[in-house]
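What follows is a short report on a single structure.
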Amino acid sequence: MKKSKKKSSSAHADKDYGLAEPLMDTISVEELETKKNCFLNKLKTVNLHQLNLDTRDQNGNLKWFQERKKRRTASKFGEICKMRSTTSCRRQVHAIIYNP
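Quick note: the sequence shown uses the working numbering, first residue 6, plus one each step.
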């Protein structure tokens with residue numbers, strides 16, 4: 006008879022995730038604030054009704070992919086909310102900024 010291995014459910018850091026790493030400052034706070042405000046203003050000026058009509062085909066529509074890259078999806082937001090405090094945010098930040 007085989008003994009089944011019990012999965013650990015401890016609250017300590019998972020060795021596969023590594024330690025949380027601080028993000029390096031690459032731009033000034035003022036420059037970040039300027040870029041953030043510019044980006045948010047662009048999102049505010051989008052005609053959402055027209056965007057809805059233009060992207061009805063969703064994954065069969067190039068514009069849908071382009072617009073989706075600019076926004077956080079519920080599934081991605083869920084992944085971020087469920088991250089452990091000991092998990093490095095580097096990979097998530099990189100995926101948000103650079104991956105489609």
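All C-beta atoms in this analysis are idealised placements derived from N, C-alpha and C, irrespective of residue type, glycine included.
Point to revise | Residue range of the alpha helix (DSSP H) that includes Ser80 | key: Per DSSP, the unbroken alpha helix (DSSP H) holding Ser80 starts and ends at 79 to 86.
Review point. Quick one: what does DSSP say Val51 is sitting in, helix, strand or coil?
Key: In the displayed model, Val51 falls within coil according to three-state DSSP, outside both helix and strand.
Check your understanding: Is Lys75 helix, strand or coil when you go by DSSP?
Key -> For Lys75, the secondary structure class from DSSP, reduced to helix, strand or coil, is coil.
Practice item. Output the distance between the C-alpha atoms of Arg61 and Tyr103, rounded to the nearest integer angstrom. Key: So the alpha carbons of these two residues sit roughly 25 Å apart.
Check your understanding: Can you check whether the CB of Asp59 is closer than 8 Å to the CB of Lys68?
Key -> The answer is yes: Cβ separation under 8 Å.
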